[in-house]
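Trainee: Mind looking over this structure? Questions follow.
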Amino acid sequence: MTAPTLRYLSRSDIAALGGDHSDLYMAAIEHGLRLHAAGEFVQPLKPYLRNPRGCHIADRIIAMPAWIGGDHPISGLKWIGSKHDNPSARGLERASAVMVLNDAETNFPVAIMEAGLISAMRTAAVTGVAVRHLAKSGFTDASIVGCGPIGERQARMLAEQFPTLETLRLFDLRREAAEDLSSRLRDRFPRLRIAIAETAEAAVRDASVVVTCTVTDTPYLPFSWLSRGTFLANVSIMDVESEVFLKSDKVVVDDWDQSNREKKVINLLVESGQFSRETLHAELGEIVVGRKPGRESDDEIILLNPMGMAIDDVACAAAILRLAEAKGAGTLLPLY
62 MTAPTLRYLS
72 RSDIAALGGD
82 HSDLYMAAIE
92 HGLRLHAAGE
102 FVQPLKPYLR
112 NPRGCHIADR
122 IIAMPAWIGG
132 DHPISGLKWI
142 GSKHDNPSAR
152 GLERASAVMV
162 LNDAETNFPV
172 AIMEAGLISA
182 MRTAAVTGVA
192 VRHLAKSGFT
202 DASIVGCGPI
212 GERQARMLAE
222 QFPTLETLRL
232 FDLRREAAED
242 LSSRLRDRFP
252 RLRIAIAETA
262 EAAVRDASVV
272 VTCTVTDTPY
282 LPFSWLSRGT
292 FLANVSIMDV
302 ESEVFLKSDK
312 VVVDDWDQSN
322 REKKVINLLV
332 ESGQFSRETL
342 HAELGEIVVG
352 RKPGRESDDE
362 IILLNPMGMA
372 IDDVACAAAI
382 LRLAEAKGAG
392 TLLPLY
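So for the sequence shown, my numbering puts the first residue at 62; every next one is plus one.
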């Protein structure tokens, strides 16, 4: 019997394998969404661990387990912590995470990897896959509300995946955060025209694609800010007011069961009888496989409300592990 080992991959190991570019994640996320639509997954509702003495909505540790099938079945768990004041109080990133992958045949753990990068990149890739199906074809402008690490990865994904993008508007309550991000994006994507909006409303109005990346616990984005044809990716979940769900032409989620919980806006609407599974247009995987239509006219206002799925993380981590095994990357650690 071969002694079991774990392959450890640091963030720099993952980046060296191509894990710092959106291409890898776009392919992995589409694969995961196809498995989701086919029912080739197991994804328990993720538990949230919070300080019982009270804390900010963005302060928690989440366990996200999943099994995915297909040609390469594998199981995994993302253990992701978040502390809203890490950047300001400690000089640390808000979110931190590790990923554990388990062999589907033996259930032995086979890999552990830094997952803060994976988590941010897969979140951006979910938006990217949705943009392909739900944004207007050939859009030239987009807006990012919230200019932290998640906002930066979303902006980089849009620039990497959509060559028609010409103009990017940024807004953050801390103007210096928007200015810092603007500087980094200009260096990396000199083709882009980047503007810093003075208000969230100025960023959102007349935008073809809007991505929210904040830590707010209070909805602030009304339907009146949205123009005909806007695609809104509500990545940070609590930004849009309830009327956006009720008045948009199409509302799409990644997974209905994951979205309809935790007293988020969609869950509150369901509890009040104003929204339901039948009201929902589709889960994103249904659109990817062609079971439900995506955008059908340039006039539609479409809302994506992605809670974030464990199968996203497992699909991306599995793709990275296959690359690492092929190239002998990372560090092999004895399990015993």
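Quick reminder that beta carbons are idealized off the backbone N, C-alpha and C, glycines included.
Classify P224 as buried or exposed, calling it buried when 16 or more other Cβ atoms lie within 10 Å of its own Cβ.
Mentor: Exposed: under 16 other Cβ atoms inside 10 Å.
Trainee: Residue range of the beta strand (DSSP E) that A232 falls in?
Mentor: In the sequence under discussion, the amino acid at residue 232 is Phe, which differs from the Ala named in the question. It spans 228-232 - the beta strand (DSSP E) in which F232 sits, taken as one unbroken run.
Trainee: Shortest alpha-carbon distance to R155 belongs to which of H117, A89, V161?
Mentor: The option with the nearest alpha carbon to R155 is H117.
Trainee: Which residues in the same chain have their Cβ closer than 6 angstroms to the Cβ of R72, if we skip the five residues on either side of it in sequence?
Mentor: Contacts found: E175, L178.
Trainee: For M370, which of F102, F284, N163 has the nearest alpha-carbon?
Mentor: Closest option to M370, Cα to Cα, is F102.
Trainee: Just verifying my parser: in three-state terms, what is the DSSP assignment at P251?
Mentor: It is coil, neither helix nor strand.
Trainee: At the level of alpha carbons, what is the spacing between K353 and V192?
Mentor: C-alpha separation (whole angstroms): 15 angstroms.
Trainee: Exposed or buried, what is H133 when buried is set at 16 or more other beta-carbons lying within 10 Å of its beta-carbon?
Mentor: The residue is exposed, with fewer than 16 neighbouring Cβ atoms inside 10 Å.
Trainee: How about I75 and H194: do their beta carbons lie closer than 8 angstroms?
Mentor: The answer is no: Cβ separation not under 8 angstroms.
Trainee: On the three-state DSSP scale, how would you describe M368?
Mentor: Reduced to three states, the DSSP call for M368 is coil.
Trainee: Is there contact here, the segment 362-369 with the segment 314-331, by at least three beta-carbon pairs under 8 angstroms?
Mentor: They touch, by the three-pair rule.
Trainee: Less than 8 angstroms between the C-beta atoms of A239 and M218, yes or no?
Mentor: Taking 8 angstroms as the Cβ cut-off, A239 and M218 do not qualify as a contacting pair.
Trainee: Pick out whichever of C274, F169, A261, I135 has its Cα sitting closest to the Cα of G207.
Mentor: Minimum Cα distance to G207 is reached at C274.
Trainee: So, do the segment 252-270 and the segment 328-343 have three or more beta carbon pairs nearer to each other than 8 angstroms?
Mentor: At 8 angstroms Cβ cutoff, the stretches do not touch.
Trainee: If we call anything under 8 angstroms between Cβ atoms a contact, is A379 one with I135?
Mentor: Closer than 8 angstroms, so yes.
Trainee: Measure how close the beta-carbons of L396 and P65 come, nearest whole angstrom, since I'm counting them as under 8 angstroms.
Mentor: Contact holds; Cβ gap of about 4 angstroms.
Trainee: So for K311, helix, strand or coil by DSSP?
Mentor: It is a strand residue.
Trainee: Within 10 Å of its beta-carbon, does R230 have 16 or more other beta-carbons around it, so buried, or fewer, so exposed?
Mentor: Buried.
Trainee: Tell me, to the nearest whole angstrom, how far the beta carbon of D202 is from that of S269; I am working on the premise that it is less than 8 angstroms.
Mentor: Contact flag correct, Cβ pair sits at about 5 angstroms.
Trainee: Can you find the residues in the same chain that come closer than 7 angstroms, C-beta to C-beta, to L393, ignoring five residues on each side of it along the sequence?
Mentor: Excluding sequence neighbours, L393 sits near T66, R68.
Trainee: Apart from the five residues on each side of it in sequence, which residues of its chain come closer than 8 angstroms, Cβ to Cβ, to D241?
Mentor: Answer for D241: C208, listed in chain order.
Trainee: Between which two residues does the beta strand (DSSP E) containing I173 stretch?
Mentor: Per DSSP, I173 belongs to the beta strand (DSSP E) from 170-175.
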